Structure formats: C-alpha cells, structure tokens
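Worksheet for the structure shown next.
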Amino acid sequence: MPAVAKTLFRLGARLGSTAQNALEVARFGGFDTDEDASPREVVTEQRVYRLRHYFPDAGGGPVMLLVPPLMITAEVYDISSRVSAVRVLRDLGVDPWVVDFGAPEREPGGLERTITDHVLAVSDAVDRVRALTGRDVHLAGYSQGGMFVYQAAAYRRSEGVESVVTFGSPADTSVALPFGLPGWLASEGVGRVPDWVLGGFAVPGWVTRLGFQLLSPVKSVRSRVDFILQLHDRERLAPRERQRRFLEREGWVSWPGPALAEFVRQFIQHNRMLTGGFVIGDRLVTLADITCPVLTFVGEVDEIAPPPMVRGIRRAAPRAQVYEASLRAGHFGLVVGSLAIARTWPAVAAWANWRAGEGGLPDVVVPVTGDEEAAPAGLPGGAAGYGLQLVMGVGGSAARSAYRTASRAIHGSRQLGGEAAQNLPRLARLERIQSDTRMSMGLLLDEQARRMPGEVFFLYKGRPYTHDAAKRRIDAVVRGLIHIGVRRGDAVGVLMGTRPTALALVAALSRLGAVAVLLRPDGDLAAEMRLSQVTRVIADPEHAARVDGMDGVEAYLLGGAGRGDRGSLMDRGSLMDMETIDPEQVDVPGWYRANPGRAGDLAFVVFRGDGEQVRASRITNRRWALSAFGTASSAALSPSDTVYGITPLQHPSALLMSIGGAVAGGARLALASAHPIPGGHREIDPEAFWDEARRYGVTVASYTWTLLRDLVEAPPDPAERHHAVRLFIGSGMPRGLWRRVEDRFAPARVLEFYASTEGESVLVNLSGKKPGSLGRPLPGSAEVRLARYDLENGRLDEGPDGLAVECAPGEIGMLLARVRLSAVGTAERCVRGVFAPEDAWTITGDLFRRDADGDFWLVGREAELIRTADGIVPPGPIRDALGDLPYVDTVAVYGIPVGETELTAAAVSLRGAAEVKPLDLSEALLRVEPGLRPAVVRVVDEVPVTAGRRLRTAPLRDEGIPAAGEGMAYYRDKAGAYRPLTDAARRRLLKAPPAREAR
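The opening position of the sequence shown corresponds to residue -5 in this note's numbering, with each subsequent residue numbered one higher.
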C-alpha cells in the first residue's frame, strides 16, 4: 500500500476511534473501565454521616479514619483500583476507615447542616472506631476535611486521637488566599456580606467545581486539551478515566448554606482556626488544645491552600509536636494521582506504623522545631510561575516580586483605610453626643443585637452567648425589675461576682433607664451603700447573706436556680428570688420605653479606695460612651476581636473599657472565670490566663496598674507561643513593666489610657513608641491644657492679666480639662475664667509635663506629693528612673514623716534573685533633678497593692526609715551617691530639719 494511502488509512482510523470514543463520552460521561471500588462495609449510619470500613476482612494494624471535605465525596480516597488511598494504606498494614457525609442535596436535612454537625460527626466516628477496634485513631483529612480533623481533635482535647494527619488544610487565612490573593480581601469583603446571603442557600457541586477549576485555570485547560488530543487512544486514557470523571463531574456535591456561612464567618473573616475561640455546639474550642502529634502535608505549588495558610498550624497548635511533609504538588495532587500513590500515602502508612513502634520516620516527614519557617520550594515564579511552566516550560520571579511588593503596599493602605472606615463613624457619633442625646449601654447592645443576632456577644467559663440570647435574658430581667417596682432613674445596688447574670442585670438597668450601683463584693458594703444612698439591692447567691436582714434595704436574689431547682441555692434567707418571676406574666406599664437614657443622665456608680478613703464615682451615659467609643476607636476593635476582661465587673476599667469597648466596637467580650484575689500574693494565674486566651480567641486583654506583673514573670507557657493577643489595654502600668510586657509578648503592644472616672478628659498613647507616656487627647474627649500650679498653696498661678499661665514644653503643671457649660454645676473642682473670661475647667489633681512632640507624661498626683524641707517632690520621675533598671520589678515612692516635714523614700522589689548595686542607683537617679532625688532607697520583698493592683504606700510610710546593717537600704550621701544605710546615717536622717516656710 502506498505511503500516502497508509497515512490516510491511519488518519481515518484515528478519526473513527475519536468519533466513537467521543460519542461514548457524550452519552455516558466517560468510558466504562470495569474497575470496581475497594471492598467495604457500612458499619453505622447516623443522621449526618455513614462510617465505612474498607477491607473489613483484612483486620489488624494502626487505625486511620479519613475525613473528606464538604464539597467532595468520600470516594476521593478510593477513586479507582489504580488511584486508591485506602488500598495503599491497607497494603502497607494500616486499617482504613472513612467518614462519608454523602451528598447533602440528596440527604434528608442535608442542606441545613452546620460546621458543628460535621465536627461532632467526626468526633462520634472516632468513638465508634475506638470501640470497635480497641485502638486510638489516626485522624486524617483532606482540605476542609483536614480542618474538620483539627477541630474534632481540639474539641476532644486529643482524647482517643493517636495523631492528626492533614493534606492541604488551612490553619491561617490571614497570610494568604488561593492564587496569591491578599488575606484582607476576604476579611474586609466578607464582612460586608449579610448573613442571609451567605447562609440562605446551598452552593451546588458544579459551582464549587467551577470555582476550583478557575483557581487553577492552566492545569484545567491543559488536562482538557490532553484528553481531547488522546481521545482516539482508549487504552491510554483508560488508566486515568475514573480520576478524570471524578474531578470533572462525579466527585462534587453541594455545600450546605449554614455550613458555608459558619465557615466563612468563623474561619475566613475572623480567622479563628488560628486565634481560637470558634464555637462547636455550645462549647468554645481552640486548636491550642491539640496535644497529639500533627503531620501536615504541604503542596509546594498549591494555589488553593498556599503553604503559608497550611503552615499556620505551627502557631495555632503550640502544645502539639508538628511534623511536615512538603511535596511538589498542587491541591489535588497531594491526595489524588500518581504522586499521591507513590509518595503521599506510603508516607502516611509509614507514619502510622512508626507511631506504633514499627519502622522509622518516613524520609519525606521532618519535625518542625522552634518557630522557623520551612525553606521555600524554590520553584520559578512560585505557584503562578509553576502554572506558566506547565504551558511554556518557563517561569519568572521578577513579576512575582513586583506583585508581592505592590500587594504589601496595598495591604498596608487597605488596613489603615479599613481602620479609618471603622473609627471615623464612631468618633463622629461621639462628637455628636449632647446632653439630651439618647445614649446608653442598653441602646448600643440593642443595636448590635439587631445587626448580628446570631453572632457571639460574650463568653464565660468556656460557653458562648449570642447577642440574641443575651437580649432575651436582658429583656427578661427588665420585666423582673419592673415587677419589683424599679422605675427610670432609680438607683439599684448590684452585689454580685463577675458572672453572666451580673452583666445582664447591669444591661437591664441601663435598658430601663435606672442607675446601676456596682457594690464591691470585697468592699465596705455599709460605706458604699451610705455614699450611694441605695435602698434596693440585688445580689447573687454567693453574696445574698451580706444584705439579708439589713435595715432599710429591699434585697432580692438573682442568678440562682429559679423555679427549677430550689436545693442548689445557697442560704438565701428571706430574699425574694427574682428567677421565680415569669416575664410573660409581667404587664409592661405605659411609662416604659426601652433605652430612654440620655447622655447627661447618671448611669453607673462605682467605688474606689478602702477604709476611710472610700469614694463614690458617678458615671453618666456620656462618660461611659466616651470610654466605650474611645476604646473601640483606639484599639480598632471589630467583630473579629475578642476583648478579655480580667478585672472584676465592678472595676471602672471593666465597665468603661472592656465592656464598653466591646459593645461599641462590635467585638466579643470574654469574662475571666477567676479574678485576682484581693490581698492575695498572686495577681493573675498565668496558666488560666493563657488557657482562656486560647479558648476564647483573645486578641485584646485589659489590665490595671501592675496586674500583668505575674504574667510577665511566669515561666513560659506552651500556649503562649504564637498567641493571638495584639493589644493589652488599660491604665496605670509602670514604665518598666510596660517594656517587659512588650518584650515578652511581642508583637503585642500596650495601649495605655488616662481618664478621670467622672470627668471627660481622656489621653491615649496610640503609637506606643514612648513607654510611660500617656499620649495625647482622644478625639471627641474634653480639651486639656497644662497650667502652672502653686504646689505649696494648691492653686493655679496667675499671670499679670489674672488668667492662668499655660506651661511650656517640659514644664510641670496641673492638667485641666474643659467642662461643658451644661455640666458646670456637677463638675468637681470646677473653676471659671481660667484662660478666658467665660470658660470653665476642672482641676484633675494630676501633674503632667508635655514634651516637644505634644505627648503628656504623668509626674504625680496631688495627693502623692512629698513635702520635704527643700521643697515639694513629685513621685513620677523617681519611679521611672528606678523602674528602668532591668532587675527592678516594682517601685513605690512615698514620704516618711520626720518632724514637720517628710523624707523622700523609694521602695523597690526585685526580679528573681537579683541584687541592688549602689552604683546602679546612683547612675539611674542622675536623670532626676538633684532636689527631687530620694533620701532613702530600700529593697522589699513585695510592694503592697490594692484590690485593683494599684500600689499602696501607706504601709511603707508607716514603717518609717528601715533598720541599717542588713544591706537592704541605701541612703544618699552629701556627694549625691547612694551607699548602704548605716546606723549613723539613719540617725542623721531622723533628725528633723526645719520646715521651709511657704511662700
């Protein structure tokens, strides 16, 4: 036959084969390859899943439970006899089991499933497999199935889980998105999508398939072209036909709408796989609870789950030993295809056998030690370059480098823009608040409940409470308050520990327009009730006995067992239990309007001081809103944040900053389960702090004064590694402690506020660049100025015109805060005609200096001034100078009475076993003006603190000048140097110098 004829004949045969095969593909979707699935049995069928056991007659070996993603069927682990993960595992001695979620669109109620349903199903499957095999389970999952695996292991706190194995499973969505898209695109974009859009409908399988193909368009096009070009050769296509049909059509199922909404909100928008605090059922879960070994497979060219997303497990699970297997594969190639059969699944089997004591660690698996990042794959152009390489065999890195640079710049500007978009409306609203503007805690809570009813509002003892649930509880308490006769403007005492009922009661009083008087459980109850003139008190069971039988007091119980269980209550005496009131039976009177409070109305009363120094502070709705919006703006709080309130509910910082900031910012509020014990040695339990910080996904933690001291000085906690805390917010932190907090917990930083409880002046160190500085006035707060002040006579210095004189930079003066004319009658220490004839200012009692940049530095409070024979000494400069010594823990500065004057003394406690060197004292205090340096510096074991962790100097003052000769005290000699205190030097100090006459 002529060559031309042979060529035409072969061409005709090829075209005929192509047409015949194309017809079969068109009619049946592909070729019939006569391949059977691996033998299996369905062990159990539950509402959400079926449990498959593959090769049930083989028996024995380590047990591995495989979990598929939501959008792909369980056949991903057994596509064909040639591409079967379960067959490889069984051949290598591993007993394979598979969770089968089925096709939700064909299952009863399948399209209503949530993330919780799937995680609990995996956990249930673990229990069943353990019961049937008697062995702990290796829990493995691909893509989102791996996320289920992480979540189930954390939910179980690794009980019954021998190890966790994941394949291309993200644990941190903040670092990247599929195909190199920046993370902010999801967090910001998703935040603008309403819940009804996300959860209102299911995503069909074909949509998910198309989305995955678009994320890897080059590979998708190439595979289709290859299939068409080889369509004439059935034998060549047959080995990969089942895999092609699976990826092209048969392997995709619908994604239930509720599960999609929950997945996007919790893990894309809020990134709670990394930070912790995601909700499974009625429990809060964190990956930090995973303690079993973790093996994660990373696809070096995975466009769908890029390596940085997958490697986030190192930070999310700090208590687990993490191992990594990095393969040159894409997302599907990790588990499906020739590479997976040759490399992935043999490594998984070897891992399981190694954990059982048989064989060694697979070569491809390496332990992750420390915090280092794995070396990059070194592919030209990264994932994008790899895609181009598939087409033209080349790739470039220059374009990728330029893209990354631009992306970082855009990210930064977008972040700033996003914060501005959040903060500008808050500050604008704050500036619009007038005395008659409706504003209250109850009003803001109602706004949040309408905007995001299903989102979590607060967390306590490992339980989440949604805005909707909180609103129902608050409204029920409002009905109870109406029932016992509380009306708008009434003052009601709240005597409770920190608990959800206390928060609900305070919010209910605000919603009613009444005044919440926050009585301290450890305070002087009689004095606080006398100061606030309260005649009605509501207590919890633990504190009910303190008000039971008090004369002239109507006392009630709230937060007990209520109608259901009378035996579980503590002795409630004669107190009426408000839990027995049925809200549905309470008639709402005609005068009731929800949230009637105006900005100028009194909203809260809090207390400070002890003994004879107990004082009541009255807080208006405007003052509360100032701190609430100020905290939310300064900390850039958003629904992705969780604010951790460490201080008791009665403390002003909890009411104004923790609760206020969370409510105004739409963030979650976490209430610490255990609070510092007044008078106790330990200020905060570091283990409990980090456990709850991980469990709640804490990003912002509050403090007061020295509250974080024990946290800083504690030994490293495993949960502390890669923590999610970005800010510590509060007031009064000493400069030395501030630096140690930022050094220890970097990249977290301190956000320090200054605010008067009753006034409207607020300063905030927003940049954090000057530890110890109180920053600048918060926009929307009262204007402040520094005026020269006559310390000896306690009055403002006046210029020739009779007006006050403003201080120059670096000069010490009294901080004055402008008073609105409408509030002149109620402002404390209000003075008129200060800088202008008609102005009004309040004297805060706090001395500051302002540096050349405009930042304020606290020098001391008027009540802390030490009146020596040489003049008045403020404590601030001494505190800062000694606190800068690296081995000094805490510094207290006070005056010791000697005759009619005082000696300036400083008491320091030391870190660890450090010792004070006199030369260090001399050099440190050189920064203090000679006339302001202390006469005595002593070393003490502990500096006394108040219940709020503020330094107490009265006990030190009462002890006088310490004894000499013990090497624990030092005095300043005539040359200005500090030497160990001797008896002779002590006697000289005790000789009362003549008092200096006042000018």
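For each residue, glycine too, the CB sits at the ideal point set by N, CA and C.
Computed from a prediction, not measured in an experiment: that's the story for all the values here.
For the alpha helix (DSSP H) containing residue i, list its first residue and its last residue.
{"i": "H112", "result": "I109 to T127"}
{"i": "L705", "result": "R703 to E707"}
{"i": "F161", "result": "Note, F161: premise wrong, no alpha helix (DSSP H); beta strand (DSSP E) at V155 to F161."}
{"i": "E256", "result": "G251 to F257"}
{"i": "G140", "result": "Q138 to Y149"}
{"i": "P494", "result": "P494 to L506"}
{"i": "S621", "result": "N615 to S628"}
{"i": "M303", "result": "P301 to V304"}
{"i": "M267", "result": "R266 to T269"}
In terms of residues, what are the limits of the beta strand (DSSP E) holding residue i?
{"i": "T884", "result": "V882 to V892"}
{"i": "T460", "result": "R457 to T460"}
{"i": "R973", "result": "Y972 to P974"}
{"i": "P361", "result": "V359 to P361"}
{"i": "R743", "result": "R743 to A749"}
{"i": "F598", "result": "L596 to R602"}
{"i": "L513", "result": "Counting along the chain, L513 falls outside any beta strand (DSSP E), and DSSP gives it neither H nor E."}
{"i": "M58", "result": "V57 to V61"}
{"i": "I837", "result": "A834 to R844"}
Using the C-alpha atoms, what's the distance from residue j back to residue i?
{"i": "L321", "j": "F291", "result": "7 Å"}
{"i": "G456", "j": "P164", "result": "24 Å"}
{"i": "L702", "j": "V735", "result": "8 Å"}
{"i": "R982", "j": "A971", "result": "16 Å"}
{"i": "W345", "j": "A79", "result": "14 Å"}
{"i": "D840", "j": "D296", "result": "59 Å"}
{"i": "T997", "j": "A134", "result": "Because the chain is modelled from -5 through 993, residue 997 falls outside the range shown and cannot be assessed."}
{"i": "T160", "j": "P62", "result": "11 Å"}
{"i": "E156", "j": "G436", "result": "48 Å"}
{"i": "R557", "j": "T693", "result": "Note that R557 has pLDDT 43, beneath the 50 cutoff, so the model's placement of it is unreliable and the number below is only indicative. One C-alpha to the other measures close to 38 Å."}
{"i": "A666", "j": "L506", "result": "27 Å"}
{"i": "P583", "j": "A498", "result": "21 Å"}
{"i": "D685", "j": "V706", "result": "15 Å"}
{"i": "S632", "j": "G660", "result": "6 Å"}
{"i": "P302", "j": "L439", "result": "37 Å"}
{"i": "V892", "j": "R738", "result": "42 Å"}
{"i": "V451", "j": "P741", "result": "Note on residue identity: the sequence assigns Phe, not Val, to residue 451. Their Cα atoms are separated by approximately 26 Å."}
{"i": "E754", "j": "H645", "result": "18 Å"}
{"i": "V116", "j": "F142", "result": "7 Å"}
{"i": "E894", "j": "T862", "result": "9 Å"}
{"i": "G129", "j": "V37", "result": "A quick correction: the sequence has Arg, not Gly, at residue 129. Near 17 Å, if we compare the C-alpha coordinates of V37 and R129."}
{"i": "P356", "j": "T108", "result": "36 Å"}
{"i": "S434", "j": "A508", "result": "11 Å"}
{"i": "A749", "j": "T431", "result": "22 Å"}
{"i": "R729", "j": "T363", "result": "34 Å"}
I believe residue i touches residue j by the beta-carbon criterion, under 8 Å. Please report the beta-carbon distance rounded to the nearest angstrom.
{"i": "M570", "j": "D534", "result": "Wrong, their Cβ atoms sit about 14 Å apart, outside the cutoff."}
{"i": "Y690", "j": "G271", "result": "5 Å"}
{"i": "S526", "j": "A610", "result": "6 Å"}
{"i": "G275", "j": "L114", "result": "7 Å"}
{"i": "G807", "j": "C801", "result": "4 Å"}
{"i": "D849", "j": "G769", "result": "6 Å"}
{"i": "V359", "j": "L289", "result": "6 Å"}
Among the options, which one has its Cα closest to the Cα of residue i?
{"i": "G796", "options": "T820, F829 and C824", "result": "F829"}
{"i": "L424", "options": "A957, V882 and L772", "result": "L772"}
{"i": "R688", "options": "A708, H717, G354 and R662", "result": "H717"}
{"i": "L852", "options": "R308, D440, A521 and G726", "result": "G726"}
{"i": "T574", "options": "R530, G474, V500 and D935", "result": "G474"}
{"i": "R873", "options": "R951, T976 and G766", "result": "G766"}
{"i": "N759", "options": "P250, T625 and G819", "result": "T625"}
Would you check whether the ligand NAD has a heavy atom nearer than 7 Å to the C-beta of residue i?
{"i": "R688", "result": "Questions concerning the ligand NAD fall outside what the structure shown contains, since it holds no ligand whatsoever."}
Validate contact between the segment 338 to 350 and the segment 302 to 315 using beta carbons, cut 8 Å, 3 pairs: no
Report yes or no: do the segment 479 to 488 and the segment 447 to 466 share at least 3 C-beta pairs separated by less than 8 Å? no
Is the number of C-beta pairs between the segment 890 to 902 and the segment 922 to 940 that are closer than 8 Å three or more? yes
Counting pairs of Cβ atoms below 8 Å between the segment 609 to 616 and the segment 584 to 595, do you hit three or more? yes
Should the segment 147 to 161 be called in touch with the segment 67 to 76, which here means at least 3 C-beta pairs below 8 Å? no
Any 3 or more C-beta pairs closer than 8 Å across the segment 644 to 656 and the segment 781 to 797: no
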